[in-house]
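J.: Just remember that my numbering sits 146 ahead of the position in the sequence shown, which is counted from 1.
C-beta: ideal position from N, C-alpha, C; glycine also.
These numbers were taken from a predicted model, which means no experiment stands behind them.
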Amino acid sequence: MQIAGTEQGPYESLAEAVARVIGITSRELREQLSAGIDPIHKYFTDQGVFEEIERRKAAGTWPAAAKETNCEARA
Numbered sequence: 147m148q149i150a151g152t153e154q155g156p157y158e159s160l161a162e163a164v165a166r167v168i169g170i171t172s173r174e175l176r177e178q179l180s181a182g183i184d185p186i187h188k189y190f191t192d193q194g195v196f197e198e199i200e201r202r203k204a205a206g207t208w209p210a211a212a213k214e215t216n217c218e219a220r221a
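Below, the structure written as structure tokens:
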């Protein structure tokens with residue numbers, strides 16, 4: 147939530163705060179989780195975040211583009 151520049155409200159559950167940050171209702175959050183959908187991953191996909199990262203990696207402007215990550219090293 148810090149990345150989004152917001153904080154959990156004093157009378158708000160963590161789930162409610164996450165739902166608010168990603169722009170869905172608490173009910174939608176519960177439905178996505180029940181269906182096995184990662185709501186944060188879905189939000190990043192819907193917003194084009196992952197596409198932008200891949201575009202920057204391909205252009206060589208992403209900081210980790212030249213380095214092999216731990217995940218890639220284990221594969």
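When you compare the CB positions of Ala163 and Gln154, do they come within less than 7 Å of one another, or not?
T.: Taking the first residue of the sequence shown as 1, we reach residue 163 at position 17. Taking the first residue of the sequence shown as 1, we reach residue 154 at position 8. Cβ distance < 7 Å, so Ala163 and Gln154 count as in contact.
J.: Whole-angstrom Cβ separation of Gly168 and Ile186, contact assumed at under 8 Å?
T.: Start at 1 with the first residue of the sequence shown, and residue 168 comes out as number 22. Start at 1 with the first residue of the sequence shown, and residue 186 comes out as number 40. The amino acid occupying residue 168 in the given sequence is Ile; Gly does not appear at that position. About 7 Å; that satisfies the 8 Å criterion.
J.: Applying the 10 Å Cβ sphere with the 16-neighbour rule, what's the burial state of Leu160?
T.: Position 14 of the sequence shown, counting from 1, holds the residue named residue 160. Answer is exposed; the Cβ neighbour count stays below 16.
J.: In angstroms, rounded to a whole number, what distance separates the CA positions of Phe190 and Gln178?
T.: Stepping through the sequence shown from its first residue, residue 190 is reached at position 44. Stepping through the sequence shown from its first residue, residue 178 is reached at position 32. C-alpha separation (whole angstroms): 14 Å.
J.: Is any heavy atom of the ligand MG found at a distance shorter than 6 Å from the C-beta of Phe196?
T.: This structure lacks the ligand MG; in fact it carries no ligand of any kind.
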